[in-house]
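*Asks:*
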Amino acid sequence: MLGITMIMDVLGFLWIIPAVLAVEEVLMDSTTATAELGWTIHPAAGWEEVSGYDEHMTTIRTYQVCNVFDGSQNNWVRTRHIRRGGAQRIHVQMKFSVRDCGSIPNVPGSCKETFNLYFYESDADAATRTSPPWMENPWTKVDTIAADESFSQVDLGGRIMKINSEVRSFGPVSRKGFYLAFQDYGACMSLIAVRVFYRKCPAVVLNGAAFPETLSGAESTSLVVARGVCVPNGEEVDVPIRLYCNGDGEWMVPIGGCTCKAGFEGVENGTACRACISGFFKATQGDHECLPCPINSRTTNEGASNCVCRNGFYRTDSDPAQMPCTTIPSAPRGVISIVNETSLRLRWTAPQEGGGRDDVVFNVICKSCGGGGRGGCTRCGDNVRFEPRQLGLTEAEVRISDLLAHTRYTFEVQAVNGVSDLSPYSPQYAAVNITTNQAVPSAVSIMHQVSRAPESITLSWSQPDQPNGLILDYELQYYEKSQAEFNSSLFRSQTNMADIRGLKPGTIYVFQVRARTVAGFGRYSGKMYFQTMTDEEYNSSIQEKLPLIIGSASGGVVFIIAITVFIIICRSRRTTERPENTEYTEKLQYTSGHLSPGVKIYIDPFTYEDPNEAIREFAKEIEFPCVKIEQVIGAGEFGEVCSGNLRLPGKREILVAIKTLKAGYTDRQRRDFLSEASIMGQFDHPNIIRLEGVVTKSNPVMILTEFMENGSLDSFLRQNDGQFTVIQLVGMLRGIAAGMKYLCDMNYVHRDLAARNILVNSNLVSKVSDFGLSRFLEDDASDPTYTSALV
2 MLGITMIMDV LGFLWIIPAV LAVEEVLMDS TTATAELGWT IHPAAGWEEV
52 SGYDEHMTTI RTYQVCNVFD GSQNNWVRTR HIRRGGAQRI HVQMKFSVRD
102 CGSIPNVPGS CKETFNLYFY ESDADAATRT SPPWMENPWT KVDTIAADES
152 FSQVDLGGRI MKINSEVRSF GPVSRKGFYL AFQDYGACMS LIAVRVFYRK
202 CPAVVLNGAA FPETLSGAES TSLVVARGVC VPNGEEVDVP IRLYCNGDGE
252 WMVPIGGCTC KAGFEGVENG TACRACISGF FKATQGDHEC LPCPINSRTT
302 NEGASNCVCR NGFYRTDSDP AQMPCTTIPS APRGVISIVN ETSLRLRWTA
352 PQEGGGRDDV VFNVICKSCG GGGRGGCTRC GDNVRFEPRQ LGLTEAEVRI
402 SDLLAHTRYT FEVQAVNGVS DLSPYSPQYA AVNITTNQAV PSAVSIMHQV
452 SRAPESITLS WSQPDQPNGL ILDYELQYYE KSQAEFNSSL FRSQTNMADI
502 RGLKPGTIYV FQVRARTVAG FGRYSGKMYF QTMTDEEYNS SIQEKLPLII
552 GSASGGVVFI IAITVFIIIC RSRRTTERPE NTEYTEKLQY TSGHLSPGVK
602 IYIDPFTYED PNEAIREFAK EIEFPCVKIE QVIGAGEFGE VCSGNLRLPG
652 KREILVAIKT LKAGYTDRQR RDFLSEASIM GQFDHPNIIR LEGVVTKSNP
702 VMILTEFMEN GSLDSFLRQN DGQFTVIQLV GMLRGIAAGM KYLCDMNYVH
752 RDLAARNILV NSNLVSKVSD FGLSRFLEDD ASDPTYTSAL V
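Residue numbering for the sequence shown follows the numbering used here, starting at 2 and increasing by one per position.
Encoded structure:
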């Protein structure tokens with residue numbers, strides 16, 4: 002049962018329900034009897050069954066009583082057993098006439114103009130003349146019925162009846178059937194007709210949903226819920242579809258509804274869903290109608306939810322279904338180029354046809370065709386700059402710089418829109434050919450300190466990436482860091498090296514260099530800071546400089562001798578008999594000979610039963626929040642190589658190289674990946690790459706090492722070919738030899754010494770790296786050799 006509060010809660014979903022009459026199911030109608038009714042009377046002198054007439058003068062069977070002159074009347078008449086047929090609330094319509102007590106001469110004061118209606122429930126027809134007793138209990142009183150109009154004596158001595166009609170209802174009823182009883186207690190009346198029925202809400206199709214025939218509730222205020230079912234090709238909207246049947250058999254308080262699904266529209270006042278005809282579509286569920294297909298599209302069958310684009314026309318995923326299909330734009334028009342040395346500005350006019358769209362943008366494709374226009378054209382490198390950008394230009398203009406001098410270029414200006422990627426054809430474009438002029442060289446990108454003294458500094462630098470002609474000389478500008486730039490001094494050099502003298506000891510100087518061609522000077526390089534030595538530093542380093550000076554005269558011989566001696570020592574140590582095996586010596590790279598006092602012994606991490614034990618012993622665990630990855634700079638066997646920053650609590654932030662282990666690794670891959678950290682963590686030498694730590698307790702697993710700005714030695718030397726002095730080269734070789742000697746003293750054999758595995762920092766210090774190779778020993782060989790393999 003739903004109260005008024007619940008009804009108010011659902012009023013927000015109220016529909017306007019068309020008038021639908023309640024259905025009445027008749028359980029008994031006395032007017033249809035063709036013989037005596039045979040109802041039970043008590044007492045015998047009370048009610049009497051007689052033939053009479055209704056208001057239409059049709060013969061009917063009625064019961065009447067008029068014992069008004071006798072006091073204490075209690076006359077009952079009981080109907081036959083009436084089956085309720087599943088009804089919970091019963092309605093009784095009574096037609097009767099009552100004599101006006103005032104029209105009866107000498108009537109006593111006990112005359113009545115009312116009677117009582119009772120009911121009694123029973124599963125079977127078991128009533129007798131004495132049972133149930135003729136009293137209010139066990140009978141249940143429904144109401145006292147009073148006449149709206151009574152009749153009295155009229156013309157010609159006849160009597161004109163005034164028929165009253167009253168309806169009363171009762172419930173809930175739960176037994177299989179019931180009896181009705183009418184009690185007269187002093188009236189002169191006639192019970193003309195009794196009709197017993199119950200009400201139900203009829204089957205109905207409303208707002209796209211079909212509701213079944215539903216019995217009314219047990220109380221007059223009851224609301225019986227009926228669950229609706231969407232008509233074919235209809236779908237529910239938001240909430241389940243419900244309709245409520247009230248106690249009078251009327252539908253009310255609807256909730257939810259159905260609308261036709263995509264490809265179908267509502268017809269016949271929403272009672273049916275019809276498929277969209279050919280050439281029409283409906284993209285979504287709703288009560289809206291089918292729409293004609295947009296321009297350049299069509300349907301292939303009825304009930305279409307979208308229209309297919311015709312050949313050569315397209316629609317993106319973000320385009321609404323009612324939008325016309327569009328095509329690619331035509332080529333831009335009137336491309337104009339303005340060349341200024343090695344830069345230019347391109348301007349053009351928008352295409353004549355935008356393909357039916359307003360999202361046209363422009364791409365500029367650069368192709369270099371070589372000097373003098375000879376040879377084929379290739380795509381320009383990443384060094385060419387586009388402002389504001391190269392792709393997706395919204396304005397019909399772009400500035401291009403950092404081109405090569407005296408070089409022919411072709412620029413294609415493409416017009417593209419939202420459907421260009423859907424077309425199998427290349428974008429339409431307009432091309433322009435230009436040739437750059439003579440230009441000044443680009444800026445020098447890197448500068449190195451070769452040597453220093455209290456009153457001098459020797460510097461070298463790389464050639465500009467774009468010399469744009471023959472370099473005539475270089476101009477070096479320098480000044481003390483504590484002074485203003487306008488107090489700077491200039492130094493000219495014919496080579497990419499300068500020995501600056503007359504400086505102050507222990508002072509920081511700012512240096513900038515620029516190159517000159519016949520076209521003039523290029524831009525200055527970025528500011529670099531170098532400091533002269535103090536007298537004390539100089540005196541203490543004299544002994545260290547002497548071997549380096551000697552090495553400069555015979556650098557190549559020194560390097561060959563160092564490497565040869567290293568190999569001989571390591572091979573001789575490796576081929577000697579292994580020491581007696583112990584738990585500790587099982588973890589060593591076997592060697593013989595006498596070790597220097599205080600030198601550590603290398604322990605092979607692969608001899609640990611638990612590889613994590615070697616990690617904990619030799620590598621420092623770093624918390625993941627301390628690491629910040631900046632950019633990917635390469636890829637390794639196990640994952641990406643990145644640069645980033647490491648900030649440990651209480652320490653300054655440092656730049657580090659980060660090796661990451663890719664996702665989906667196996668236990669063996671993780672062990673092999675971290676074994677390199679277990680190896681590096683045992684070394685401590687200025688010419689061996691330094692391990693900063695590992696991250697193993699979170700993903701991704703990482704190895705962190707010091708960052709070497711100039712990368713591997715082989716690529717560094719190729720990029721700067723001919724730019725280093727003999728002293729610089731011998732210094733790098735000396736660092737390699739020192740690192741390899743340290744490894745030999747540790748009883749560790751690298752087995753993969755190569756220029757690609759030597760890293761160089763910004764001070765041209767060389768460091769041995771790459772300890773991540775598996776080592777296999779050919780035990781069966783009479784003269785053991787070492788091999789390497791990637792895992």
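Just so it is clear, CB atoms sit at the ideal spot from N, CA and C, and this is done for glycine as well.
I'd like to check one pair, Lys660 with Val642: are the Cβ atoms closer than 7 angstroms?
*Replies:* A contact, by the Cβ cut-off of 7 angstroms.
*Asks:* Starting from Tyr530, trace the alpha helix (DSSP H) in both directions and tell me its first and last residue.
*Replies:* No alpha helix (DSSP H) holds Tyr530; the beta strand (DSSP E) holding it covers 529 to 532.
*Asks:* In or out: His449 buried (at least 16 other Cβ within 10 Å) or exposed?
*Replies:* Buried, because 16 or more other Cβ atoms sit within 10 Å of the Cβ of His449.
*Asks:* Take Val441 and list the residues in its own chain whose beta-carbon comes closer than 7 angstroms to its own, dropping the five residues that flank it on each side.
*Replies:* Closer than 7 angstroms at Cβ, skipping near neighbours: Asn469, Thr518, Ala520, Gly521, Phe522, Gly523.
*Asks:* Leaving out the 5 sequence neighbours to the left and right, which residues in its chain are closer than 8 angstroms to Arg130 when beta-carbon positions are compared?
*Replies:* Correct list, in chain order: Thr41, His43.
*Asks:* Measuring CA to CA, which of Gly371, Ser490, Asp30 is closest to Arg409?
*Replies:* Residue Gly371 is the option with its Cα nearest to Arg409.
*Asks:* Which one of Met253, Asn312, Glu476, Pro321 has the shortest CA to CA distance from Ser794?
*Replies:* This structure cannot settle anything about residue 794, because the visible part of the chain is limited to 2 through 792.
*Asks:* Among the candidates Leu118, Leu38, Gln89, Gly53, whose CA atom is the shortest distance from the CA of Asn76?
*Replies:* Ranking the options by Cα distance to Asn76, first place goes to Leu118.
*Asks:* Using a 10 Å radius around the Cβ and a threshold of 16 neighbouring Cβ atoms, would you call Tyr510 buried or exposed?
*Replies:* It counts as buried.
*Asks:* Between which two residues does the alpha helix (DSSP H) containing Tyr794 stretch?
*Replies:* Only positions 2 to 792 of the chain appear in the structure, and residue 794 is not among them; the question remains open.
*Asks:* How would you call Leu504, buried or exposed, if buried means at least 16 neighbouring beta carbons within 10 angstroms?
*Replies:* Result: buried.
*Asks:* Would you please state the rounded distance, in angstroms, between the beta carbons of Tyr199 and Arg90? I believe it to be under 8 angstroms.
*Replies:* Yes, they are in contact, since the Cβ atoms of Tyr199 and Arg90 sit about 6 angstroms apart, within 8 angstroms.
*Asks:* Asn700: buried (16+ other C-beta within 10 angstroms of its C-beta) or exposed?
*Replies:* Label assigned to Asn700: exposed.
*Asks:* Can you check which of these residues, Thr533, Ser421, Val445, is closest to Thr327 by C-alpha distance?
*Replies:* The option with the nearest alpha carbon to Thr327 is Ser421.
*Asks:* What's the C-alpha gap between Asn721 and Glu486?
*Replies:* Going from the Cα of Asn721 to the Cα of Glu486 covers about 30 angstroms.
*Asks:* For Leu157, count neighbouring C-beta atoms within 10 Å of its own C-beta (all shown protein chains included) and say buried if the count is 16 or more, exposed if not.
*Replies:* With a pLDDT of only 37 at Leu157, under 50, the local geometry of the prediction cannot be trusted, and the value read off the model is given with reservation. Counting Cβ neighbours within 10 Å, Leu157 comes out exposed, since fewer than 16 surround it.
*Asks:* Quick check on Tyr539: does DSSP put it in helix, strand or coil?
*Replies:* In the structure shown, Tyr539 sits in a helix (DSSP, three-state: H, G or I).
*Asks:* From the DSSP output, read off the bridge partner residues of Ile83.
*Replies:* Answer is Phe179, bridged to Ile83.
*Asks:* Could you tell me which of Gly640, Arg648, Ile604, Glu614 sits nearest to Glu624, measuring between CA atoms?
*Replies:* That would be Arg648, whose Cα lies nearest to the Cα of Glu624.
*Asks:* For the structure I just gave you, are there three or more beta carbon pairs, one from the segment 181 to 196 and one from the segment 95 to 104, closer than 8 angstroms?
*Replies:* Yes: the two stretches touch, three or more of their Cβ pairs being nearer than 8 angstroms.
*Asks:* Check each candidate in Asp685, Gly640, Ser679 and name the one with the smallest Cα separation from Ala664.
*Replies:* Measuring from the Cα of Ala664, the nearest candidate turns out to be Gly640.
*Asks:* Looking at Gly187: is its Cβ nearer than 7 angstroms to the Cβ of Gln65?
*Replies:* Not closer than 7 angstroms, so no.
*Asks:* Curious, which full-length alpha helix (DSSP H) runs of at least 4 residues does the segment 60 to 129 contain?
*Replies:* Listed in chain order, there is nothing to give.
*Asks:* Which same chain residues end up closer than 7 angstroms to Phe248 when comparing Cβ atoms and leaving out the 5 residues on each side of it in sequence?
*Replies:* Position check: residue 248 holds Gly in this sequence, whereas Phe was assumed. Around Gly248: Arg90, Ser217, Gly218, Glu220, Ser221, Thr222, Ser223.
*Asks:* Among Val336, Ile329, Glu538, Arg502, which one has its Cα closest to the Cα of Gly356?
*Replies:* Considering only alpha carbons, the answer is Ile329.
*Asks:* With DSSP as the reference, please indicate the residues paired to Tyr510 in a beta bridge.
*Replies:* Answer by DSSP bridge pairing, in chain order: Glu481, Phe531.
*Asks:* Please work out which residues of its chain come closer than 6 angstroms, Cβ to Cβ, to Ile366, disregarding the five sequence neighbours upstream and downstream, and give them in chain order.
*Replies:* So the qualifying residues of the chain are Glu413.
*Asks:* Taking 7 angstroms as the threshold (C-beta atoms), are Ser463 and Ile447 in contact?
*Replies:* Yes, the pair counts as a contact, with Cβ atoms nearer than the cut-off.
*Asks:* On the CB-based measure, 16 or more other CB atoms within 10 Å of its CB, does Gly382 come out buried or exposed?
*Replies:* Exposed: under 16 other Cβ atoms inside 10 Å.
*Asks:* Please name the residue or residues paired with Cys210 in a DSSP beta bridge.
*Replies:* As written in the sequence, residue 210 is Ala, which differs from the Cys given in the question. Answer is Leu207, Cys231, bridged to Ala210.
*Asks:* Give me the Cα-Cα distance between Phe772 and Arg752, rounded to the nearest whole angstrom.
*Replies:* If I take the Cα positions, the gap works out to 9 angstroms.
*Asks:* Enumerate in chain order the residues of its own chain whose CB-to-CB distance from Arg84 is below 8 angstroms, with the five nearest sequence positions on each side excluded.
*Replies:* So the list reads Leu28, Lys177, Gly178, once near-sequence residues are dropped.
*Asks:* DSSP on Tyr525, reduced to helix/strand/coil?
*Replies:* Looking at Tyr525 - three-state DSSP - the assignment turns out to be coil, as it is neither helix nor strand.
*Asks:* Would you identify the three-state DSSP class for Cys378, choosing helix, strand or coil?
*Replies:* Here Cys378 sits in coil by DSSP.
*Asks:* Give me, in chain order, the residues of the same chain whose beta-carbon lies closer than 6 angstroms to that of Phe674; leave out the 5 immediate sequence neighbours on both sides.
*Replies:* Once the five neighbours on either side are set aside, the close Cβ partners of Phe674 are Phe639, Leu662.
*Asks:* Excluding the 5 residues preceding and the 5 following Met681 in the sequence, name in chain order all residues of the same chain whose CB lies nearer than 6 angstroms to its CB.
*Replies:* Taken in chain order, the residues that qualify are Leu692, Phe772.
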